[in-house]
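Only one structure is covered here, and it is reproduced in the block below.
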Amino acid sequence: MEFINGMAAGELTGAVWVKSSHSNATGNCVELAALPDGSVAMRNSRDPHGPALVYTRDEVASFVAGARDGDFDAMVG
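The numbering of the sequence shown is the numbering used here, which starts it at -6 and goes up by one.
Encoded structure:
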(Lines of atoms letter the chains of each structure in order from A and count residues from 1; the text may use other names and numbers.)
(Lines give C-alpha, C1' and ligand atoms only; values in the text may rest on other atoms or scores of the structure.)
Protein backbone atom coordinates (compact mmCIF):
# COMPACT_ATOMS: atom_id res chain seq x y z
CA MET A 1 0.00 0.00 0.00
CA GLU A 2 1.23 3.47 -0.84
CA PHE A 3 0.83 5.99 1.97
CA ILE A 4 0.01 9.49 0.72
CA ASN A 5 -0.96 12.78 2.34
CA GLY A 6 -4.69 13.23 2.68
CA MET A 7 -5.57 9.57 2.57
CA ALA A 8 -8.39 8.57 4.91
CA ALA A 9 -6.99 7.61 8.30
CA GLY A 10 -9.56 4.82 8.37
CA GLU A 11 -7.72 3.19 5.45
CA LEU A 12 -4.64 2.71 7.63
CA THR A 13 -5.84 -0.62 8.98
CA GLY A 14 -3.67 -2.01 11.71
CA ALA A 15 -2.22 1.41 12.56
CA VAL A 16 -1.68 1.89 16.27
CA TRP A 17 -2.46 5.52 17.03
CA VAL A 18 -0.67 7.27 19.88
CA LYS A 19 -1.93 10.42 21.62
CA SER A 20 0.16 12.77 23.74
CA SER A 21 -0.25 12.55 27.50
CA HIS A 22 -0.66 16.35 27.33
CA SER A 23 -3.95 16.03 25.42
CA ASN A 24 -7.00 17.43 27.15
CA ALA A 25 -10.49 16.08 27.75
CA THR A 26 -12.02 18.17 24.93
CA GLY A 27 -10.05 16.20 22.36
CA ASN A 28 -7.81 19.01 21.16
CA CYS A 29 -4.97 16.83 20.00
CA VAL A 30 -3.41 14.92 17.16
CA GLU A 31 -2.47 11.27 17.07
CA LEU A 32 0.51 9.63 15.38
CA ALA A 33 0.99 6.13 14.01
CA ALA A 34 4.13 4.41 12.72
CA LEU A 35 3.49 2.89 9.28
CA PRO A 36 5.02 -0.30 7.86
CA ASP A 37 7.17 1.59 5.33
CA GLY A 38 8.84 3.61 8.11
CA SER A 39 6.80 6.77 7.65
CA VAL A 40 4.56 8.34 10.29
CA ALA A 41 0.89 9.27 9.89
CA MET A 42 -0.83 12.10 11.79
CA ARG A 43 -4.56 12.58 12.24
CA ASN A 44 -6.95 14.81 14.16
CA SER A 45 -8.22 12.82 17.14
CA ARG A 46 -11.70 14.36 16.74
CA ASP A 47 -11.94 13.01 13.18
CA PRO A 48 -10.39 9.52 13.34
CA HIS A 49 -11.63 8.56 9.87
CA GLY A 50 -10.73 11.90 8.26
CA PRO A 51 -7.56 12.70 6.35
CA ALA A 52 -4.13 11.68 7.59
CA LEU A 53 -0.91 13.50 6.84
CA VAL A 54 2.07 11.25 6.16
CA TYR A 55 5.63 12.28 7.04
CA THR A 56 9.04 10.66 6.96
CA ARG A 57 10.63 9.80 10.31
CA ASP A 58 13.24 12.51 9.65
CA GLU A 59 10.51 15.13 9.16
CA VAL A 60 8.85 14.13 12.43
CA ALA A 61 12.19 14.12 14.25
CA SER A 62 12.91 17.65 12.98
CA PHE A 63 9.50 18.87 14.12
CA VAL A 64 9.85 17.29 17.57
CA ALA A 65 13.33 18.78 17.97
CA GLY A 66 11.98 22.21 17.03
CA ALA A 67 9.12 21.85 19.50
CA ARG A 68 11.55 20.89 22.25
CA ASP A 69 13.68 23.93 21.42
CA GLY A 70 10.65 26.26 21.61
CA ASP A 71 10.59 27.11 17.90
CA PHE A 72 6.78 27.04 17.84
CA ASP A 73 5.98 28.57 21.24
CA ALA A 74 4.66 31.77 19.66
CA MET A 75 1.89 29.77 17.96
CA VAL A 76 0.34 28.65 21.24
CA GLY A 77 1.11 31.46 23.63
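Even glycine gets a Cβ: it sits at the ideal position worked out from N, Cα and C.
- Message: Given a cut-off of 9 angstroms on the beta-carbon distance, is the pair aspartate 40 and alanine 2 in contact?
- Response: If you number the sequence shown from 1, residue 40 lands on position 47. If you number the sequence shown from 1, residue 2 lands on position 9. Yes.
- Query: Helix or strand or just coil, what does DSSP make of valine 57?
  - Reply: Within the sequence shown, numbered from 1, the residue matching residue 57 stands at position 64. If DSSP states are grouped into helix, strand and coil, valine 57 belongs with the helices.
- Message: Pop quiz: glutamate 24 and valine 11 are said to be a contact at Cβ under 8 angstroms. What is the actual Cβ separation, rounded to whole angstroms?
- Response: Sequence index remark: in the sequence shown, residue 24 carries index 31 (1-based). Sequence index remark: in the sequence shown, residue 11 carries index 18 (1-based). At roughly 6 angstroms, the Cβ-Cβ gap stays under 8 angstroms, so glutamate 24 and valine 11 are in contact.
- Measure from the alpha carbon of isoleucine -3 to the alpha carbon of each residue in Asp51, Leu46, Val9, then state which is nearest. On the sequence shown, position 4 is the one that residue -3 refers to. The shortest CA-to-CA distance from isoleucine -3 to any of Asp51, Leu46, Val9 is the one to Leu46.
- Message: With the cut-off set at 9 angstroms, would you say alanine 27 and arginine 36 are in Cβ contact?
- Response: Looking up residue 27 in the sequence shown gives position 34. Looking up residue 36 in the sequence shown gives position 43. Not a contact, by the Cβ cut-off of 9 angstroms.
- Could you spell out the range, first to last residue, of the beta strand (DSSP E) harbouring glutamate 24? As a first step, residue 24 must be located in the sequence shown, where it is residue number 31. Its beta strand (DSSP E) spans residues 23 to 27.
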